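Before any comments, here is the structure.
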Amino acid sequence: MDCIFCKIAEGAIPSSKVYEDDDMLAFRDINPQAPVHVLVIPKKHIASADEINETNSAAVAKIFEKIPHIAKLGGAVNGYRIISNCGPDACQSVPHLHFHILGGKQLPESMG
Ligand code: 5GP
Ligand code: ZN
5 MDCIFCKIAE
15 GAIPSSKVYE
25 DDDMLAFRDI
35 NPQAPVHVLV
45 IPKKHIASAD
55 EINETNSAAV
65 AKIFEKIPHI
75 AKLGGAVNGY
85 RIISNCGPDA
95 CQSVPHLHFH
105 ILGGKQLPES
115 MG
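One rule links them: number in our numbering = place in the sequence shown (from 1) + 4.
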C-alpha cells in the first residue's frame with residue numbers, strides 16, 4: 005500500500021521521532037501549526053477515526069495511554085490539544101489515522 009505514514013512507521017521515510025514502541029510512533033509534523041506539533045500514529049494501518057472498530061481499537065487505547073508521556077516529551081508543558089481530522093469535511097490529508105498533539109502556546113478557543 006502506498007501510504008506515507010506506513011512508510012514513516014517502517015522507517016523507510018525519515019521522521020523526527022519523539023516516541024516509539026511496538027504499537028505506535030510519535031514524530032514531529034513537517035509543517036508545524038504550533039511550537040509543539042507532534043503526530044501520533046498506530047504502526048498498523050487504520051485509514052481514519054471512521055475505521056476504528058472493536059478489532060483495532062486496542063491500538064487506539066494504547067496511543068491514548070501514552071499521549072500524556074508523548075506530550076511532555078514533545079515539550080507541551082502547559083496543556084495541549086488532541087485533534088484527529090477525519091474525512092473530507094475535516095480536511096484529512098493523510099489517510100492513515102493520526103492524532104495531532106498541539107501545544108507550546110496559548111491555542112485559539114475556536115475549533116471549527
Ligand atoms: P491531516 O491534514 O491529515 O490531519 O494531517 C496530516 C499532517 O501530516 C499535516 O499536518 C502534514 O503537515 C503532516 N505531514 C504530511 N506529510 C508528512 C511527512 O512526510 N512527514 C511529517 N513529519 N509530517 C507530514
Ligand atoms: Zn498507512
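The C-beta atom is built at its ideal place from N, Cα and C for all residues, glycine as well. Keep in mind that this is a model prediction, so the values were computed, not measured.
- Task: Count the other CB atoms, across all protein chains shown, that sit within 10 Å of the CB of H41; report buried if there are 16 or more and exposed otherwise.
- Result: Classification for H41: buried.
- Is it the case that the CB of C10 approaches a heavy atom of the ligand ZN more closely than 6 Å? yes
- Task: Could you work out which residue in S114, K48, G108 and D25 is closest to P36 when comparing CA atoms only?
- Result: G108
- Task: Please work out which residues of its chain come closer than 6 Å, Cβ to Cβ, to I12, disregarding the five sequence neighbours upstream and downstream, and give them in chain order.
- Result: Only S19 meet the Cβ criterion.
- Query: Would DSSP call P92 helix, strand or coil?
  - Reply: helix
- Task: Kindly indicate which residue of Q96, P92 and I86 has the alpha-carbon position closest to the one of L111.
- Result: I86
- Message: The alpha helix (DSSP H) that contains I74, what's its start and end?
- Response: S61 to G78
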